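**Student:** There's a structure below that I have some questions on.
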Amino acid sequence: MKVRSAPHRNIILFAFSALNGIAVTAPADSAQAQAVNTTQDDPDSTKRSKAPNRSATGKTSATTTSRKMALKNASASSANSTGAESIVVTGTMFRDKNLNSASPIEQITAKQLQQRGIKTVTDALQLLSSNGSGNLTNAFSANGAFAGGASAPSLRGLQTSATLVMMDGMRLSYYPAGDDGARNFVDTNWMPSSLVQTIDVQQDGGSALYGADAVAGVINMITREQIKGFEGNAEGGLTQGGYGGHQRLYANYGVGDVAKDGYNFYVNSEYQSDDMITNSQLGYPYNTSNITGIGGGNADGNLLGSDGIFTNAVTQTTGVTAQAVDSNGKALSGYQLLNPSSGCKGLSGAHSGYVAGTPTGSVSTLCQQDKVSKYGVISPYDRRVEATAHLTVRLGSRVKLVSMFTYSQNLSYYTGTPNAFYANTQSQLGTSEGVLAPAYLPNGSLNPNNPYASLGESAQLYGRFIDPTAETQFSQNYRGSIHLTGWEPSSWGGDWNYDSSFVGMNTDLSTKYSNNINIADLDYAIENGTYNFVDQAANSAAAKNAIAPTEIVHSNTEEYSWQASVTKGLTQLPGGMLNLAVGTNVRYEGFNAPNANPVDTTNVNNQYESINPFSAIGHRYVYSGYFELNAPIVKMLNADFQGRYDSYSTGFSHFSPKIGVTFKPTKEFMLRGTWSQGFQVPSFYETNGTTIGYTSYGPSNQTWINQHLNTNGTKDDYAQAYSLGGESVGNKNLKPMTNTTFTGGPVFHPVPWATFSAEYWYIREKNVIVSNPIPAATVASAYEALNTNRTVTIDGDTVIPDVADPLHPDAPRRAGIIESSYINANSMMTDGVDLNLSITHRLPGPLKMINWYSNGHATWVHRFNESIPGVGIERFAGTEGPWNTTSASGTPRWRANWQNTFTWNRLSTTFTVYYTSGYHGTAEDNDGPGTAGNCKYALYQDVSSFYPTQCNVRHFWDIDMTVNYQFNKQWAGYVNIYNLTDFKAPYDFGTYGSYLYNSSWAQNGVLGRAFRFGVTATL
């Protein structure tokens, strides 16, 4: 077993032990500028009088007496409510829930999550209409994700690193593996969903308050301030097909009442487990590589045609074969099974025929194999365990202390296609090609792994390791926070409000790679006969581990942040109090992700065949100051000014301004808009790391293809679509990306029970960081045109050739890896419109006992363009682009969700409709500007030569249903039905993030109808 460990600074939060072993939550400058919304709990709530406003944003100067009265009223109100929660406001430093925000903020409540059947924070964020291309889903973990075991949203399609994810207004540590091996992001899988009060999604730039990473927006999970008594939940379910088992449990227990007793202490624990789902469990065509039934071809390896000639050969399988070769590597025979008596056990059968490139008249026996059916995985096994301790204490009438400590672990596991015996190292520098099984072993005996040994001939072995590769990610999160808020009366203007908070978080990730072949160890076994290739099942665990040693890599990230702010009402304006807030923030970020598969310069063969080598190590301090000035100029016009200066110890600095304006001439109508500038610093990978990733590519140069044909004139297996590597090297001279954002639109509130809004948004980024501005397909095609087997440089990129074609070993090779460095090269812009509605009303006539709550969100992407010097403008909206990002999910123009809940007495039924529009199966970042929508450049050709022709991908509908019934005050039950109508996922042959469909938008369409049943208790 080989173990690589990151130096571990486990400064883990012992300071919080002094606070009863608990640590903190809730920020002060995490104020949540209220999203325009209507309550679903009481359709008549707008008729009630408002409680006195305790904030410095009040229209009159508050005296000490009035402030105490406000506290008394607030306490009384809290005592009479079910579960008083803290007021945390996103997008402003002023903690006044009555403010109308100029920023578009979508607020998802715990009640909405329950009604819609959403179980995790991850699911809630992935279902956002504003979540676009580059999103990281759990399903992609099993299909090639660098950051396996993690999930993250991508607001506006600007990738995971451009969305700042926080908890209670405080930052979180990065996941220790990069998205695409390049981008730092916050994993959302670990978050305790049973503690969610609201999830606030600020959908405009947030750098003016929160600093870097808030380019596309801010997501703030706000936790519950107090829990009284016991709450519990037990849930289970599976799909209609009988697979995809799911279990979920949580328990909360709290004592004390903040309003009455001055404190509340609660503990929480959650457990969730979801079974791995494989392609073999699904129906046709997702369970096979033979897709002739939908107009494609049969991609089974080693197919024997009616003419007695093999196609798709030589595909390596667990049925190991050998070919006699001379000292120059020239074939002397066909391919022969090492173990003819066992045939092709567990595969699709043994066949005998002719293989191109073998001597005329020779006969080869090969195993037919369906790799999709045998090894394909739809989604990984996932298990999450979490525990939290939370304390809220009132230190007198003016001060509140909140502390919180959370421990969470997430385990993800999935398997893959076994490694091959005829292969290169991951870097393409080492190889088993030409490493021959000798006729005689070092002890002088005939080699049992060589069927030609008695003839004195050497043999090249072709096959796969008997066990599938397996990858296990085990992440552990330790988070502690402490937050102090208070106020002091003032004899002028408004009261003084202050808050200070500290948060510390460590994320430890252990990644275990099993059954991955080390080429040097394999070469030794081939030459010395130390591994039984004839009957692999007869090998001991030690023999297997000798050629495929387990690799364990430990990575770690750290985040320590202190922030403090003061707010004050300065003077009265015609529209209300002029308020000023100032704050400061100091934080430390550490990142240590060692390389799991480095190149050994003393022995290039001493490297794994398929473990992606990516690494980044670094740390930085960030010093920030920020302010906000809120000016109610007149009663109908309010202006808000924000600004933040950030200075990084690594040499970056930036000032980010923001202006927000609301104009509300009547209570039924409001105009709002924001303008801001922000920035995004280069990731640790982009400045001090290396990454090799893969995308699909199909050779296109006909002259090159003509040298890689089967005997019948078809392309051999080597000339089919394959995984093309791209290596990116860090650049310490990178500059931060900068952006300008504008949002604006009307909000209509025509009646007390309905709100409608429309928002135009525009984002432009400069200094966009890219690793290879020239499309990889362009470079690979240029390499084919050179007709070479050497490493060459093309337009500044270094191209390393792949392993030789086993059928035509002397023919020119295909590109294996394209090496390039990160640079600031591009500019990017995107714009579109958000539409929102919220309705709470009783149905008319005889149905008046039924309360109807409707909440809908839709996002339309007008443009998503990237400008590349020397290349042109690449347009992605309505296509599969950007194709080289994360899972190749693409940029559908429309995404929408619409919830409708009907409540009658104790019964509540919710229908939620999800929609994603269709898109062109093309991508200009793969084929160049001007190719969008041109079927000549459809991506299916680059993913697989066996896919049917496809120019466009259809839209997808999904309807979920949840029924909740409250048996009594203590017990309730519910049923969730996902994909109620069993809509099928549209075929997508252009994505490499999943097989035949797009997991970002249509995962439920592949899984089919699914059910979950649960019961909750409140005691």
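Here my numbering is used: the first residue of the sequence shown is 3, the next is one more, and so on.
In this text, a Cβ means the ideal position worked out from N, Cα and C, and glycines have one as well.
These figures come from a predicted structure and were not determined experimentally.
So, does the segment 910-927 touch the segment 875-885, judging by three or more C-beta pairs under 8 Å?
**Tutor:** The segment 910-927 is in contact with the segment 875-885.
**Student:** Determine the burial state of S617: buried for a count of at least 16 other Cβ atoms within 10 Å of its Cβ, exposed for fewer.
**Tutor:** Under this definition S617 is a buried residue.
**Student:** Is it buried or exposed, W494, if we count other Cβ atoms within 10 angstroms and call 16 or more buried?
**Tutor:** Result: exposed.
**Student:** Does G670 pass the burial test, meaning 16 or more other C-beta atoms within 10 Å, or should it be called exposed?
**Tutor:** Here residue 670 is Glu; the residue named in the question, Gly, does not match the sequence. Exposed, because fewer than 16 other Cβ atoms sit within 10 Å of the Cβ of E670.
**Student:** Using beta-carbon positions only, say whether M95 and S567 come within less than 7 Å of one another.
**Tutor:** Yes.
**Student:** R908: buried (16+ other C-beta within 10 angstroms of its C-beta) or exposed?
**Tutor:** That one is exposed.
**Student:** Can you find at least 3 beta carbon pairs, one from the segment 604-613 and one from the segment 578-595, that sit closer than 8 Å?
**Tutor:** No: the two stretches stay apart, fewer than three of their Cβ pairs being nearer than 8 Å.
**Student:** Could you tell me which residues DSSP pairs with E529 in its beta bridges?
**Tutor:** Note: E529 sits in no beta bridge, so no partner.
**Student:** Measure how close the beta-carbons of G239 and F1015 come, nearest whole angstrom, since I'm counting them as under 8 Å.
**Tutor:** Yes, they are in contact, since the Cβ atoms of G239 and F1015 sit about 6 Å apart, within 8 Å.
**Student:** Quick check on the burial criterion: 16 or more other C-beta atoms within 10 angstroms. Buried or exposed for R792?
**Tutor:** Counting Cβ neighbours within 10 Å, R792 comes out exposed, since fewer than 16 surround it.
**Student:** Could you pull the start and end residues of the beta strand (DSSP E) that F686 belongs to?
**Tutor:** Run containing F686: none in the beta strand (DSSP E); it sits in the alpha helix (DSSP H), F686 to N690.
**Student:** Taking 8 Å as the cut-off, does the segment 853-860 touch the segment 139-156 (at least 3 CB pairs, one atom from each stretch)?
**Tutor:** The segment 139-156 vs the segment 853-860: no contact.
**Student:** Alpha carbon to alpha carbon, how far is T905 from Y976?
**Tutor:** If you take the alpha carbons of T905 and Y976, they lie about 14 Å apart.
**Student:** Whose C-alpha, out of G935, I870 and T912, is nearest the C-alpha of G892?
**Tutor:** Ranking the options by Cα distance to G892, first place goes to G935.
**Student:** With H, G and I counted as helix, E and B as strand and the rest as coil, what does DSSP make of D812?
**Tutor:** Looking at D812 - three-state DSSP - the assignment turns out to be coil, as it is neither helix nor strand.
**Student:** State the DSSP-derived secondary structure class of K768, mapped to helix, strand or coil.
**Tutor:** In this structure, K768 counts as strand in the three-state DSSP scheme.
**Student:** Are there 16 or more other CB atoms within 10 angstroms of the CB of F969, so buried, or fewer, so exposed?
**Tutor:** Looking at its Cβ environment, which holds fewer than 16 other Cβ atoms inside 10 Å, F969 is exposed.
**Student:** Quick check: the segment 346-354 against the segment 392-399, are at least 3 beta-carbon pairs closer than 8 Å?
**Tutor:** No, they do not touch.
**Student:** Note down, in chain order, each residue of its chain lying with its Cβ closer than 6 Å to the Cβ of D276, except the 5 sequence neighbours on either side.
**Tutor:** If we look at D276 and ignore the five residues flanking it on each side, its Cβ neighbours are H248 and D384.
**Student:** Where Q428 and G213 are concerned, what is the direct C-alpha to C-alpha distance, given to the nearest angstrom?
**Tutor:** For Q428 and G213, the distance between alpha carbons rounds to 38 Å.
**Student:** May I ask you to report which of helix, strand or coil DSSP gives I521?
**Tutor:** Helix at I521.
**Student:** Return the bridge partner residues of C369 from the DSSP annotation.
**Tutor:** Paired residues: A352.
**Student:** Using a Cβ-Cβ cutoff of less than 7 Å, which residues in the same chain neighbour G258 once the five nearest sequence positions on both sides are dropped?
**Tutor:** Within the same chain, G258 has close Cβ partners Y265, N266 and F267.
**Student:** Let me know the secondary structure DSSP gives D804 once reduced to three states.
**Tutor:** Note: D804 maps to coil in three-state DSSP.
**Student:** Pull up the distance between the alpha-carbon of R897 and that of R481, whole angstroms please.
**Tutor:** Cα-Cα distance, rounded: 34 Å.
**Student:** Given a threshold of 16 other Cβ atoms within 10 Å of its Cβ, counted over all protein chains shown, does Q704 qualify as buried or as exposed?
**Tutor:** Q704 is exposed by the Cβ-count criterion.
**Student:** Pop quiz: T964 and G246 are said to be a contact at Cβ under 8 Å. What is the actual Cβ separation, rounded to whole angstroms?
**Tutor:** Not quite, the Cβ-Cβ distance comes to about 18 Å (not below 8 Å), so this is no contact.
**Student:** Give the DSSP-derived three-state secondary structure of A184 in the structure shown.
**Tutor:** Three-state result, A184: coil.
**Student:** Tell me, please, whether the segment 531-544 touches the segment 613-629 by the rule of three or more beta-carbon pairs shorter than 8 Å.
**Tutor:** Flag = no, the segment 531-544 and the segment 613-629 do not touch.
**Student:** Taking 8 Å as the cut-off, does the segment 627-643 touch the segment 596-603 (at least 3 CB pairs, one atom from each stretch)?
**Tutor:** No, they do not touch.
**Student:** Which residue from M223, T716, V217 and T569 puts its Cα closest to that of E490?
**Tutor:** The shortest Cα separation from E490 among M223, T716, V217 and T569 belongs to T569.
**Student:** Is G359 closer than 7 Å to H810 when the C-beta atoms are compared?
**Tutor:** Contact: yes.
**Student:** Considering only their Cβ atoms, is the gap separating R185 from S759 smaller than 7 Å?
**Tutor:** Taking 7 Å as the Cβ cut-off, S759 and R185 do not qualify as a contacting pair.
**Student:** For the alpha helix (DSSP H) that contains K113, what are its first and last residues?
**Tutor:** Element bounds for K113: A112 to R118.
**Student:** S516 and T552: beta carbons closer than 7 Å?
**Tutor:** The answer is yes: Cβ separation under 7 Å.
**Student:** Which ranges does the alpha helix (DSSP H) cover as unbroken runs of at least 4 residues, wholly within the segment 587-662, from first to last along the chain?
**Tutor:** The qualifying runs do not exist here; there are none.
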